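See below for the structure under consideration.
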DNA sequence: CTTGACCTGTGTCTTACACACAGGTCTAAA
DNA sequence: TTTAGACCTGTGTGTAAGACACAGGTCAAG
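Residue numbers (this note's numbering), protein chains in the order written: chain A, 1 to 142; chain B, 143 to 284.
Below you can see the structure in the form of structure tokens.
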């Protein structure tokens with residue numbers, strides 16, 4: 001399989017396949033003309049990479065996992081440990097987004113009923129300057 | 143106020159203040175020795191920028207808002223329109239994270255009870271290869 | 001006069017690709 | 001046979017919002 005064929009097969013882009021190949025996560029063979037050809041084993045590796053990405057592993061994580069596996073060791077303990085880390089991070093970001101979303105919605109609601117005001121030397125936009133986060137958010141950092 | 147003082151005042155970093163200054167969002171004066179000094183008006187601009195960032199505006203958005211305001215026009219319509227866009231984007235990302243988080247949690251649960259397995263030529267890690275997303279997630283793209 | 005804490009600009013690094021570009025290669029039609 | 005178009009190649013750059021590094025200037029205190 002060639003790059004574009006492979007990408008289409010898995011609903012990703014040629015650039016993504018090339019990117020993984022640059023990082024040596026994929027190791028296609030070369031045909032006479034210089035084109036990359038992906039044999040079945042590389043195809044299954046791509047499938048693996050895409051699955052792992054969907055589960056929140058970083059590309060760097062995947063490299064570590066593949067390295068481990070290429071030594072013949074079971075990567076499972078590493079995989080379990082990594083996903084705990086990533087899940088914790090995701091949870092943090094998730095909470096942050098939850099708060100952000102609420103702030104944005106509140107702001108939108110507050111602003112719908114406020115009139116426009118021209119800027120002054122000390123105020124760029126009174127909407128933003130006057131926005132008050134509500135109870136749950138806006139508390140200082142904890 | 144000097145860079146570090148200013149950063150501390152608002153709980154941000156000197157690098158962030160320098161970054162905004164590079165982009166000319168802030169325009170400090172220079173003292174004899176070449177140091178940047180931020181007069182009160184620049185201090186209030188920084189406050190504005192940080193508030194806007196907290197509301198999900200991009201730095202580029204803020205530049206547009208500031209540009210508009212510097213022409214003497216009310217930036218309010220632009221601000222209302224931008225936050226709608228940003229909120230829509232945030233909502234999308236939020237839903238994506240929600241799904242990701244669920245997948246990660248499900249994977250973690252599935253994996254706690256599975257044994258380790260050495261890799262084979264066609265399988266890097268059976269945990270990841272065998273993961274099945276549950277109902278709500280995993281549906282094809284819609 | 002030296003130490004140490006601050007400041008300066010500039011440049012590089014991060015993530016996970018997307019996109020551009022100049023040029024090589026293949027297929028099929030004219 | 002030529003040629004158009006659709007593919008491929010590598011390499012280089014751009015993205016967001018800073019973080020970090022580095023070489024060197026500045027300043028107050030001892």
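Backbone N, C-alpha and C define an ideal beta-carbon position, used for all residues, glycine too. This one's a predicted model, so the numbers in the text were calculated from it and none came from an experiment.
Selection from B/160, B/170, B/189 and B/238 that minimises the alpha carbon distance to residue 152 of chain B: B/189
What did DSSP end up calling residue 171 of chain B once you bin it into helix, strand or coil? strand
With H, G and I counted as helix, E and B as strand and the rest as coil, what does DSSP make of residue 143 of chain A? With chain A running from 1 to 142 in the structure shown, residue 143 of chain A is simply not present.
Which chain A residues are close to residue 263 of chain B, counting only those with a beta carbon under 8 Å from its beta carbon? 41
Is residue 222 of chain B near the ligand NAD, in the sense that its beta carbon is under 6 Å from a heavy atom of that ligand? Among the components modelled here there is no ligand, and therefore nothing to report on the ligand NAD.
Between which two residues does the alpha helix (DSSP H) carrying residue 161 of chain B extend? 156 to 164
Going by beta carbon distance, what residues of the same chain come within less than 7 Å of residue 121 of chain A, once the five residues before and after it are set aside? none
What residue from A/68, A/129, A/13 and A/53 has the CA that sits closest to residue 86 of chain A's CA? A/53
State the CB to CB distance for the pair residue 148 of chain A and residue 62 of chain A, rounded to an integer number of angstroms; the pair is presumed to be in contact (CB under 8 Å). The structure shown does not extend to residue 148 of chain A, since chain A is modelled only from 1 through 142, so no value can be given for it.
Output the distance between the C-alpha atoms of residue 144 of chain B and residue 157 of chain B, rounded to the nearest integer angstrom. 12 Å
Among the candidates B/161, B/197 and B/239, whose CA atom is the shortest distance from the CA of residue 131 of chain A? B/197
Which residues of chain A have a Cβ atom closer than 7 Å to the Cβ of residue 236 of chain B, listed in chain order? 97 and 101
Under 7 Å between C-beta atoms, does residue 106 of chain A make it to chain B? no
Under 7 Å Cβ-Cβ, which residues of chain B neighbour residue 56 of chain A? 242 and 246
Out of A/58, A/74, A/72 and A/92, which one is the CA nearest neighbour of residue 82 of chain A? A/58
Counting contacts by CB-CB distance shorter than 7 Å, is residue 127 of chain A in contact with chain B? yes
Where do the ends of the alpha helix (DSSP H) carrying residue 147 of chain A lie? This structure cannot speak to residue 147 of chain A, because chain A is shown only from 1 to 142.
7 Å Cβ shell around residue 146 of chain B - same chain, five flanking residues per side excluded: 156
Minimum Cβ-Cβ distance from residue 258 of chain B to chain A less than 7 Å: yes
Please report the distance separating the alpha-carbon of residue 43 of chain A from that of residue 49 of chain A. 10 Å
Can you name the residues that DSSP bridges to residue 37 of chain A? A/29
When you compare the CB of residue 18 of chain A with every CB in chain B, is at least one pair closer than 7 Å? no
So, does the CB of residue 173 of chain B fall closer than 7 Å to a CB anywhere in chain A? no
Is any beta-carbon of chain A found at less than 7 Å from that of residue 229 of chain B? yes
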